[in-house]
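A.B. asks: Structure incoming, see below.
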Amino acid sequence: MPLTAHEFQRWSDARIPGQNVREISQATGIKWTTLHQQIVRGKVSETTVVAIARAYELSPLDTLSEFERYADLAAGTKPPTEAELISQIHYLDVLREVLARADELLPFMPGDLRPFPYPDSTRAWIDAVDSGDLRTAIAARLGITTSTFSSKLKRTLPADVAVEVARHAGVSLASGLVVTGLLTEAEGWWPQDARLYALQALSDSDLMAVAAQKLSVQNRKYWGKAHDREQAKEYWENLG
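So the sequence shown is numbered by our numbering: it starts at 1384 and just counts up by one.
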């Protein structure tokens, strides 16, 4: 849910005084018309606020915390859990680690992991922090069904929903914003190369379990695509 223009104006007057819309646009690279329309409509996106914070060398995390909806964000931010870190490792990187250990190859150098978010990032993070009732609880708060919420995981979660998920799960409130790509790892207090170190720290048995779980997800995706193709083929054949 976007932030109110009133809050945004109050924040900009306090943090970047004297900067008009055109100057902010030039500093951030955001189109003047886009920023102007957000303010006029009374809904300024979190993405816009983060971009402005970066442009003026302010902490995006602290900046969001100055808005009422995210008042507890900075205070509720802490290092990610091992499960969160592992959830954000692409399945191909997990398989590479399996092969590297099997062949007794040298470990990967820092930076070898694929960047994230990747297509399954949000769903993988939800699975990592879900103790069992998360989907039901968040769906109830949003006033939607659990299946509807699950379908939203195929896309990027809105910032306020991502923070609400983290709040319910008891993990760092910034984690969802990192996983959805609003904040960088550094901005959300994810230590440099933490994902790589978490991967390398897995025991062989735990590594195989992670690999099996990620492959299972991929298998379901590919099965779904194959099923869709078969249905489409049958549809066109029936049309004659």
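Note that beta-carbon positions come from the ideal geometry of N, C-alpha and C, so glycine has one too.
For clarity, every value in this text was computed on a predicted model and none was experimentally measured.
Out of Leu1582, Ala1438, Thr1563, which one is the CA nearest neighbour of Ile1413?
C.D. replies: The shortest C-alpha separation from Ile1413 is found at Ala1438.
A.B. asks: Give every residue of the same chain whose Cβ lies closer than 8 Å to the Cβ of Pro1462, excluding the five residues on either side of it in the sequence, and list them in chain order.
C.D. replies: The answer, listed in chain order, is Ser1555, Trp1572, Trp1573, Pro1574, Ala1577.
A.B. asks: Might you give, ordered along the chain, the residues of its own chain that have their beta carbon closer than 6 Å to the beta carbon of Ser1408, omitting 5 neighbours on each side?
C.D. replies: Trp1415, Leu1418, listed in sequence order.
A.B. asks: By how many angstroms is the C-alpha of Gly1564 removed from the C-alpha of Arg1405?
C.D. replies: When rounded, the distance between both Cα atoms is 26 Å.
A.B. asks: Quick check: the Cα distance between Thr1387 and Glu1451, rounded to an integer number of angstroms?
C.D. replies: Their backbone Cα atoms lie some 10 Å apart in a straight line.
A.B. asks: Assuming the contact rule is C-beta atoms closer than 8 Å, Val1477 and Val1600 should be a hit. Round their C-beta distance to whole Å, please.
C.D. replies: Going by Cβ atoms, the distance from Val1477 to Val1600 rounds to 11 Å, so no, they are not a contact pair.
A.B. asks: Could you check which residue in Leu1444, Ser1558, Ala1569 has the C-alpha nearest to that of Gly1469?
C.D. replies: Sequence check: residue 1469 is Ile here, not Gly. Here the closest residue by C-alpha is Ser1558.
A.B. asks: With the cut-off set at 8 Å, would you say Gln1420 and Ser1428 are in Cβ contact?
C.D. replies: No, Cβ-Cβ distance for Gln1420 and Ser1428 is not below 8 Å.
A.B. asks: Am I right that Ala1369 and Leu1560 are in contact with their C-beta atoms under 8 Å? What's the rounded C-beta distance?
C.D. replies: Since the displayed the chain opens at 1384 and closes at 1623, residue 1369 lies outside it and no answer follows.
A.B. asks: What three-state label does DSSP hand Leu1441 in the structure shown?
C.D. replies: Three-state result, Leu1441: coil.
A.B. asks: Is it buried or exposed, Leu1598, if we count other Cβ atoms within 10 angstroms and call 16 or more buried?
C.D. replies: Leu1598 comes out exposed.
A.B. asks: Of the choices Asp1513, Arg1484, Ala1485, Leu1475, whose alpha-carbon is the least far from that of Phe1499?
C.D. replies: That would be Leu1475, whose Cα lies nearest to the Cα of Phe1499.
A.B. asks: Look at the Cβ atom of Leu1517, then the Cβ atom of Ile1509, and state whether they are nearer than 8 Å.
C.D. replies: Result yes, Cβ atoms of Leu1517 and Ile1509 sit closer than 8 Å.
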